[in-house]
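*Asks:* Can you keep this structure in mind? I'll have questions shortly.
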Ligand code: CMP
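Residue numbers (the UniProt record's numbering): 1 to 225.
See below:
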């Protein structure tokens, strides 16, 4: 296991070896194949997870069957804590978009471990605050930005978290279909495809299967504003 990736998780941030070791002892490793569902929105929740490898999507389904993606998460990120700290059903369905390795931590183990470790509790509060900040941005964009602006912003955000330098730009292997990208920006597939085709025609991006290369980050950043 790549321990450095795990140490990046908010749960571990700034902790000494003793606290980190004690937490790792309580965690169990599991794997999830691409396309598999870890849990569904509405399920009871008793564990939180840290992603070691791979990517997952967090989705919600409206009563008419339409789907919306809250986020795509990758290595070092944590999820599944909401139904622990605010006891209630899972708030999203979690599905692997690539093969994944996860570390799971049971609710009772987390609570015992947190007792007497205020620095770890502060890490968790910080992670929740960062998520709320991000969600506020997303809500603002849904109201104030047009679809191409939201697509540009989503690609830049994915590039920030998952991008790797390529010969002619930044390669973002997001693993998403165009339908899933549309669900992430909250627009129809047709409108999102049109925005992507327009960016590609301008030479700002290059489209690949489940990936995109950002060729002109500056122009994409201006479009995202
Ligand atoms: P839980 O409700 O237990 O299960 C689904 C998880 O998705 C949830 O905990 C959070 O960890 C995560 N989640 C829910 N909403 C968001 C959001 N807006 N942004 C990022 N992650 C979220």
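Glycine included, each C-beta is placed from N, C-alpha and C at the ideal position. Small disclaimer: the values here were computed from a predicted structure and weren't measured.
Compute the minimum distance between the beta carbon of residue 94 and the heavy atoms of the ligand CMP, and state whether it is under 7 Å.
*Replies:* Yes, the ligand CMP has a heavy atom inside 7 Å of this Cβ.
*Asks:* Just to check, is the beta-carbon of residue 91 closer than 7 Å to a non-hydrogen atom of the ligand CMP?
*Replies:* Yes.
*Asks:* Is the beta carbon of residue 179 within less than 7 Å of some heavy atom of the ligand CMP?
*Replies:* No, since every heavy atom of the ligand CMP falls outside the 7 Å radius drawn around the Cβ of residue 179.
*Asks:* Scan the UniProt domain "HTH crp-type" (145–218) and note each continuous beta strand (DSSP E) run of 3 residues or more that stays entirely inside, going in chain order.
*Replies:* Runs found: 164–166, 169–172, 205–208 and 211–214.
*Asks:* Expressed to the nearest angstrom, what Euclidean distance is found between the alpha-carbon atoms of residue 202 and residue 220?
*Replies:* Cα to Cα, residue 202 sits roughly 11 Å from residue 220.
*Asks:* Let me check understanding here. Comparing Cα to Cα, which of 70, 56, 191 and 181 lies closest to residue 132?
*Replies:* The candidate whose alpha carbon is nearest that of residue 132 is 70.
*Asks:* Please classify residue 4: is it buried, with 16 or more other beta-carbons within 10 angstroms of its beta-carbon, or exposed?
*Replies:* Counting Cβ neighbours within 10 Å, residue 4 comes out exposed, since fewer than 16 surround it.
*Asks:* Counting C-beta neighbours from all protein chains within 10 Å, is the total for residue 172 16 or more, i.e. buried, or is it exposed?
*Replies:* Burial call: buried.
*Asks:* The beta strand (DSSP E) spanning residue 47 covers which residue range?
*Replies:* Taken as a continuous stretch (DSSP letters only), the beta strand (DSSP E) holding residue 47 covers 47–53.
*Asks:* If you compare alpha carbons, which of 148, 213 and 127 is closest to residue 175?
*Replies:* Per the Cα distances, 213.
*Asks:* When you compare each of 194, 76, 22 and 68 to residue 111 by their alpha carbons, which one comes out closest?
*Replies:* Comparing Cα positions, the closest option is 22.
*Asks:* Rounded to whole angstroms, what's the CA-CA distance from residue 109 to residue 155? Just pull it up for me.
*Replies:* About 37 Å.
*Asks:* Mind checking which residues open and close the beta strand (DSSP E) that includes residue 112?
*Replies:* Careful: residue 112 lies outside any beta strand (DSSP E), inside the alpha helix (DSSP H) at 107–114.
*Asks:* Identify which residue in 79, 58, 211 and 61 has its Cα closest to the Cα of residue 127.
*Replies:* It is 79.
*Asks:* Say yes only if the C-beta of residue 131 is nearer than 7 Å to one or more non-hydrogen atoms of the ligand CMP, and no if none qualify.
*Replies:* Correct: residue 131 has its Cβ closer than 7 Å to the ligand CMP.
*Asks:* If contact is defined by three or more beta carbon pairs under 8 Å, each pair taking one atom from either stretch, is the region 57–72 in contact with the region 30–39?
*Replies:* Output reads no: the region 57–72 does not touch the region 30–39.
*Asks:* Hey, residue 51 and residue 184 are a contact pair by Cβ (cut 8 Å); roughly how many whole angstroms apart?
*Replies:* Residue 51 to residue 184, Cβ: 17 Å. No contact.
*Asks:* For residue 181 and residue 61, I'd like the C-alpha separation in whole angstroms.
*Replies:* Residue 181 and residue 61: Cα-Cα distance of roughly 15 Å.
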